[in-house]
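Working notes, structure below.
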Amino acid sequence: MDALELLVNRRSASRLTEPAPAGDALENILRAGMRAPDHGTLQPWRFIIVENEGRDRMSRLLEKAARDSQLDEKAINKASQAPFRAPMIITVVAHCEAHLKVPRWEQIASASCAVMAMQMAALAQGYNGIWRSGPWTDDEQVRQGFGCREQDAIVGFLYLGTPQLKSSTTVLPPDTAPFVRYF
Numbered sequence: 002m003d004a005l006e007l008l009v010n011r012r013s014a015s016r017l018t019e020p021a022p023a024g025d026a027l028e029n030i031l032r033a034g035m036r037a038p039d040h041g042t043l044q045p046w047r048f049i050i051v052e053n054e055g056r057d058r059m060s061r062l063l064e065k066a067a068r069d070s071q072l073d074e075k076a077i078n079k080a081s082q083a084p085f086r087a088p089m090i091i092t093v094v095a096h097c098e099a100h101l102k103v104p105r106w107e108q109i110a111s112a113s114c115a116v117m118a119m120q121m122a123a124l125a126q127g128y129n130g131i132w133r134s135g136p137w138t139d140d141e142q143v144r145q146g147f148g149c150r151e152q153d154a155i156v157g158f159l160y161l162g163t164p165q166l167k168s169s170t171t172v173l174p175p176d177t178a179p180f181v182r183y184f
């Protein structure tokens with residue numbers, strides 16, 4: 002699939018199974034993330050790969066955070082099961098530094114671009130995934146569990162694997178008119 006076709010037909014896949022990207026495929030995904038726009042060459046991304054026993058650790062972390070937040074049992078169970086939706090999760094952290102010319106928001110935007118680039122690299126190699134966020138990205142216990150400093154931000158959890166369901170390769174082109182104007 003060529004790059005333009007890949008970009009204009011991108012779809013997330015939420016039902017993922019083994020195998021997860023490994024070896025050269027995973028290295029390509031990480032390298033694609035590191036090609037995100039990076040004002041000041043700060044490299045404001047950190048990628049934490051969660052697989053195998055790491056999914057068990059993440060499950061316990063999310064379950065504890067849900068319990069400490071006094072969520073109901075259904076929400077606690079959902080939190081504890083989240084890491085098992087895919088064989089691999091890459092937690093992407095915006096590793097932000099104080100910088101005179103590159104504000105924190107730009108560093109977060111760069112890390113966010115890294116997530117998109119990694120998902121596209123996965124798709125280009127026959128894998129897919131889904132970028133998930135939600136309240137766990139801001140939860141202090143979860144942030145600490147992933148080694149975030151006060152100034153850092155979890156921009157998302159990129160769930161990766163092999164899609165269980167095959168989707169059509171093309172989507173209907175969106176009407177861009179309501180979203181575009183010329184200055």
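Here the sequence shown is numbered in this note's numbering, starting from 2 and rising by one per residue. Beta carbons are placed, not taken as given, at the ideal position from N, Cα and C, and that holds for glycine.
Its Cα nearest to that of Glu52, the residue Ser60 stands out among Ile30, Ser60 and Asp139. When the five nearest sequence neighbours on each side are left out, the beta carbons in the same chain lying within less than 6 Å of the beta carbon of Pro88 are those of Glu19, Ala21 and Gly162, in order along the chain. For Asn10, the three-state secondary structure derived from DSSP is coil. Shown here for Cys114: same chain residues with a beta carbon closer than 8 Å to its own, the five before and five after excluded, namely Ala37 and Pro38 in chain order.
Note on Tyr160: 16 or more other CB atoms within 10 angstroms of its CB, so buried under the neighbour-count rule. Sequence-distant partners of Ala118 (beyond 5 residues in either direction) whose C-beta falls short of 8 Å from its own C-beta, in its chain, are Ala33, Gly34, Arg36 and Ala37. Taking a cut-off of 8 Å on C-beta distances, the segment 118-131 touches the segment 3-16, as three or more cross pairs fall below it.
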